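Protein chains: 2
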Amino acid sequence: MLRKMRLFTPGPTPLLPAAQRAMAAADLHHRTDEFRRVFRSVLDDLKYFYGTANDVILFTSSGTGAMEASISNLFSPGDPVLVAACGKFGERWVELGRAYGLSVECVSAPYGQPVPPAVVAEKLASGRYQGVFLQATESSTGVRLDARAMAEAARAASGDTLVIVDAITGLGTTHLDIDGWGLDVVIGGSQKALMIPPGLAFAGISERAWQRMETARLPRYYFDFRKERKASKNGEAAYTPSTALVMGLAEALRYIREVGRENLIDNARLLAQATRAGVGALGLKLFAPDSPCDALTAVCAPDGLESTAIIKEVRSRFGMSMANGQGSMKGKIFRIAHLGYFDFAEGLAILGALELALHALGVKLPLGAGVRAAQEVYLQKQT
Amino acid sequence: MLRKMRLFTPGPTPLLPAAQRAMAAADLHHRTDEFRRVFRSVLDDLKYFYGTANDVILFTSSGTGAMEASISNLFSPGDPVLVAACGKFGERWVELGRAYGLSVECVSAPYGQPVPPAVVAEKLASGRYQGVFLQATESSTGVRLDARAMAEAARAASGDTLVIVDAITGLGTTHLDIDGWGLDVVIGGSQKALMIPPGLAFAGISERAWQRMETARLPRYYFDFRKERKASKNGEAAYTPSTALVMGLAEALRYIREVGRENLIDNARLLAQATRAGVGALGLKLFAPDSPCDALTAVCAPDGLESTAIIKEVRSRFGMSMANGQGSMKGKIFRIAHLGYFDFAEGLAILGALELALHALGVKLPLGAGVRAAQEVYLQKQT
Numbered sequence: 018m019l020r021k022m023r024l025f026t027p028g029p030t031p032l033l034p035a036a037q038r039a040m041a042a043a044d045l046h047h048r049t050d051e052f053r054r055v056f057r058s059v060l061d062d063l064k065y066f067y068g069t070a071n072d073v074i075l076f077t078s079s080g081t082g083a084m085e086a087s088i089s090n091l092f093s094p095g096d097p098v099l100v101a102a103c104g105k106f107g108e109r110w111v112e113l114g115r116a117y118g119l120s121v122e123c124v125s126a127p128y129g130q131p132v133p134p135a136v137v138a139e140k141l142a143s144g145r146y147q148g149v150f151l152q153a154t155e156s157s158t159g160v161r162l163d164a165r166a167m168a169e170a171a172r173a174a175s176g177d178t179l180v181i182v183d184a185i186t187g188l189g190t191t192h193l194d195i196d197g198w199g200l201d202v203v204i205g206g207s208q209k210a211l212m213i214p215p216g217l218a219f220a221g222i223s224e225r226a227w228q229r230m231e232t233a234r235l236p237r238y239y240f241d242f243r244k245e246r247k248a249s250k251n252g253e254a255a256y257t258p259s260t261a262l263v264m265g266l267a268e269a270l271r272y273i274r275e276v277g278r279e280n281l282i283d284n285a286r287l288l289a290q291a292t293r294a295g296v297g298a299l300g301l302k303l304f305a306p307d308s309p310c311d312a313l314t315a316v317c318a319p320d321g322l323e324s325t326a327i328i329k330e331v332r333s334r335f336g337m338s339m340a341n342g343q344g345s346m347k348g349k350i351f352r353i354a355h356l357g358y359f360d361f362a363e364g365l366a367i368l369g370a371l372e373l374a375l376h377a378l379g380v381k382l383p384l385g386a387g388v389r390a391a392q393e394v395y396l397q398k399q400t
Numbered sequence: 018m019l020r021k022m023r024l025f026t027p028g029p030t031p032l033l034p035a036a037q038r039a040m041a042a043a044d045l046h047h048r049t050d051e052f053r054r055v056f057r058s059v060l061d062d063l064k065y066f067y068g069t070a071n072d073v074i075l076f077t078s079s080g081t082g083a084m085e086a087s088i089s090n091l092f093s094p095g096d097p098v099l100v101a102a103c104g105k106f107g108e109r110w111v112e113l114g115r116a117y118g119l120s121v122e123c124v125s126a127p128y129g130q131p132v133p134p135a136v137v138a139e140k141l142a143s144g145r146y147q148g149v150f151l152q153a154t155e156s157s158t159g160v161r162l163d164a165r166a167m168a169e170a171a172r173a174a175s176g177d178t179l180v181i182v183d184a185i186t187g188l189g190t191t192h193l194d195i196d197g198w199g200l201d202v203v204i205g206g207s208q209k210a211l212m213i214p215p216g217l218a219f220a221g222i223s224e225r226a227w228q229r230m231e232t233a234r235l236p237r238y239y240f241d242f243r244k245e246r247k248a249s250k251n252g253e254a255a256y257t258p259s260t261a262l263v264m265g266l267a268e269a270l271r272y273i274r275e276v277g278r279e280n281l282i283d284n285a286r287l288l289a290q291a292t293r294a295g296v297g298a299l300g301l302k303l304f305a306p307d308s309p310c311d312a313l314t315a316v317c318a319p320d321g322l323e324s325t326a327i328i329k330e331v332r333s334r335f336g337m338s339m340a341n342g343q344g345s346m347k348g349k350i351f352r353i354a355h356l357g358y359f360d361f362a363e364g365l366a367i368l369g370a371l372e373l374a375l376h377a378l379g380v381k382l383p384l385g386a387g388v389r390a391a392q393e394v395y396l397q398k399q400t
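In the order they appear, the protein sequences are chains H and G. For reference, each letter of the first sequence is one residue, going 18 to 400 in this note's numbering. For reference, each letter of the second sequence is one residue, going 18 to 400 in this note's numbering.
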């Protein structure tokens, strides 16, 4: 049997073919009008993708680079900040803050559960934090956090608390009213809903955050928001950018404009709903049943079976790569992605493949039941 | 007339076709055995490309990111360091050191001249510097610095002075005996002699430098040498790497192994010699006649003509992009690159195109004389 290799991981995600072609053809210089035109269009289209009037800054790095920038550009040694953490990426905010000598306090929730916004709001009410950090969607566990409630609590308590959101898997999968809710820094990454490989990071930055930079005293050089904003006015990056990825991104953003930002989010949501229904019909448990995100679905391995074995079986039989759990969740859960360039037929295919893989591993289940539950979600949406 | 667009800039440089194809095909996950195999081979082949037994670290960033890392990972606030600066990239070392609160002293030379190694050696003899920073080749001016003499002076004076070399355009164009001379950190970038687009940076790191990191106290997170070395033992990057560029780099390094590192350097040297002979035969002056590097040739515009006009004429007539001067050198010089995927026929073509462009701009010159001088260099090498 033939077997096509396909990504079902929450980053990297399947590549848009037009973007792949543009990447391969990118033998151009970054200080030319040709590239400046593309770079300007990319920054402009990123604002559309974000749904914001704020400037969006682009770095050549992984998303972590832009997370780091939102600390080194905005704070000073010893500043008190709050982190809402319920997974590996929340923990990264804590590590980053401590690496730069901030006074980091953390409200955490067990893996699989969201950080309760009321607890964060109570802390924020003191008005003593210079910033609050969270994930829009915590992709290590498949949880959606309530960015809106936390932002409103920050705004109500103090004009000075910056709201900094890792939306690397949230953008393009989750409705975020960045300007309405007052999200001050929103981080994105190229290999997620943007349909191109990793290597570019983004930050949408509010006026309040630009003002804060005037007085921030942490050291920085490569990841410098103000230097990038200044260069971008001339259609350039401050340092040599990843031209091939920028060319690919221009194509991906053109496609996203055609599809429509809201439709892209709806696509992920429908796939997520169908997948949750499908795995439920197979008797599998969701890892984050209370506040699941739509970027991906985290599923618990059935009793007596390692998720690693399921992932391996699906991959070796059908070429489909799901993600394992990270850290202590490894072997316990598997994750199916919906963010970016996925269509509904692939959503059906991964469920059908999962059913056959579980069957091969000796799990008793009604073949076809997961796919059927997903089909019913599809039909409901059509009426 | 048809016109093919071609880069003659000292980064980005022409892309290796096999690398372009590999980039476009890079729809794979970075935490898989398939990618780990490629990543390991890339790190191993980079050691070959560098000609070092030291570990080479890879970052997803521009070369500046690795320059920054060699400050934030190796020094502590207030450390005294020396910079040898004779161009825009030397000045970047000064800026970087100051951004991180080092006590930076600078020995400089006018644009177009190398920093005299004796002056640097005299300073280093005090043994008081924790590090000395330089460029192997200063690509803003086309100058080669004497990295060997400066490294020897550092070694003679003190076991503690780290020698940190920006070899972004030096690698693959200049003989550097990294281990023999004791170069502690050697920085590289993907869009130079490595024949792929920008977006990856490298650092070859000596045992002395790894030891220094134990006590260095500057803040860092994304650019962390030790975290990357640890991850690389498992064939991984600490943070999601630019997979497409890594796949392209694997192909480029395979090609460089086939060609041979020394032959790649000789190729650049021959092109540089031929170009210097060619522009000389046209009556043009070299900007760095005393210590020219082989990565590129910087040429002064003839009296009464802006280099900008020459660059524009060559590009609009023949599709060939040379580089302008940077900063105060803009309009005064143009730069022709030799680093990476250039062959001798292209060296002849750019000279022939330059002759016709200068002729069109009213410069009196013996058509064909530049090409002929280059051909004579070729013939001398063949005998």
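From the three backbone atoms N, C-alpha and C, an ideal C-beta is built for every residue, glycine too. Note that the structure is predicted; figures quoted are calculated from it, not measured.
For residue i, which of helix, strand or coil comes out of DSSP?
| i | result |
| --- | --- |
| Glu363 of chain H | helix |
| Asn284 of chain H | helix |
| Ser89 of chain G | helix |
| Ala102 of chain G | strand |
| Gln343 of chain G | coil |
| Gly159 of chain G | coil |
| Met337 of chain H | strand |
| Leu179 of chain H | strand |
| Arg23 of chain H | strand |
| Thr154 of chain G | strand |
| Gly252 of chain G | coil |
| Val316 of chain H | strand |
| Pro258 of chain G | coil |
Figure out for me which residue from the options has the closest Cα to the Cα of residue i.
| i | options | result |
| --- | --- | --- |
| Ala126 of chain H | H:Ser78, H:Val111, H:Cys103, H:Ala135 | H:Cys103 |
| Asp311 of chain H | H:Met40, H:Thr186, H:Tyr146, H:Trp227 | H:Thr186 |
| Gln152 of chain G | G:Arg145, G:Ser143, G:Pro133, G:Tyr146 | G:Pro133 |
| Leu371 of chain G | G:Phe361, G:Tyr358, G:Thr292 | G:Thr292 |
| Leu91 of chain G | G:Val296, G:Ser175, G:Arg243 | G:Arg243 |
| Arg172 of chain G | G:Glu155, G:Val149, G:Leu193 | G:Val149 |
| Gly393 of chain G | G:Cys317, G:Ala298, G:Gly336 | Checking the sequence, you will find Glu at residue 393 of chain G rather than Gly. Among G:Cys317, G:Ala298, G:Gly336, the Cα nearest to that of Glu393 of chain G belongs to G:Ala298. |
| Gly357 of chain H | H:Lys381, H:Gly197, H:Ile328, H:Ile213 | H:Ile213 |
| Ala318 of chain H | H:Met346, H:Ala294, H:Pro309, H:Phe76 | H:Met346 |
| Gly344 of chain G | G:Gly82, G:Glu108, G:Thr232, G:Ala168 | G:Glu108 |
| Ser157 of chain H | H:Phe304, H:Arg334, H:Ile367, H:Glu330 | H:Phe304 |
| Arg237 of chain G | H:Lys302, H:Gln399, H:Ile88, H:Pro27 | H:Ile88 |
| Val380 of chain G | G:Gly321, G:Phe76, G:Val202, G:Glu51 | G:Gly321 |
| Lys329 of chain G | G:Ala374, G:Arg286, G:Pro131 | G:Ala374 |
Could you tell me if residue i is buried or exposed, where buried requires 16 or more neighbouring beta carbons within 10 angstroms of its beta carbon?
| i | result |
| --- | --- |
| His376 of chain H | exposed |
| Pro258 of chain G | buried |
| Lys21 of chain G | exposed |
| Val137 of chain G | buried |
| Met384 of chain H | Met is not the amino acid found at residue 384 of chain H; the sequence shown has Leu there. By the 10 Å Cβ count, Leu384 of chain H comes out exposed. |
| Arg407 of chain G | Outside the displayed span of chain G (18 to 400) sits residue 407 of chain G, for which this structure offers no information. |
| Arg54 of chain G | exposed |
| Asp163 of chain G | buried |
| Asp241 of chain G | buried |
| Lys209 of chain H | buried |
How would you write the range of the beta strand (DSSP E) that residue i sits in, first residue to last?
| i | result |
| --- | --- |
| Arg352 of chain G | 350–354 |
| Met221 of chain H | Reading off the sequence, residue 221 of chain H comes out as Gly, not Met. That run of the beta strand (DSSP E) goes 217–222. |
| Leu75 of chain G | 72–77 |
| Ser308 of chain G | Run containing Ser308 of chain G: none; DSSP gives neither H nor E here. |
| Asp201 of chain H | Here Asp201 of chain H belongs to no beta strand (DSSP E), and DSSP marks it neither H nor E. |
Need the endpoints of the alpha helix (DSSP H) that residue i sits in, please.
| i | result |
| --- | --- |
| Val111 of chain H | 105–116 |
| Phe66 of chain H | 50–67 |
| Asp242 of chain H | Before going further, note that residue 242 of chain H is Phe rather than Asp in the sequence given. Looking at the DSSP string, the run of the alpha helix (DSSP H) that includes Phe242 of chain H is 242–249. |
| Lys398 of chain H | 386–399 |
| Pro34 of chain H | 34–41 |
| Ala166 of chain G | 164–174 |
Inside the stretch 123–155 of chain H only - beta strand (DSSP E) runs reaching at least 3 residues: Complete beta strand (DSSP E) runs here, min 3: 148–152.
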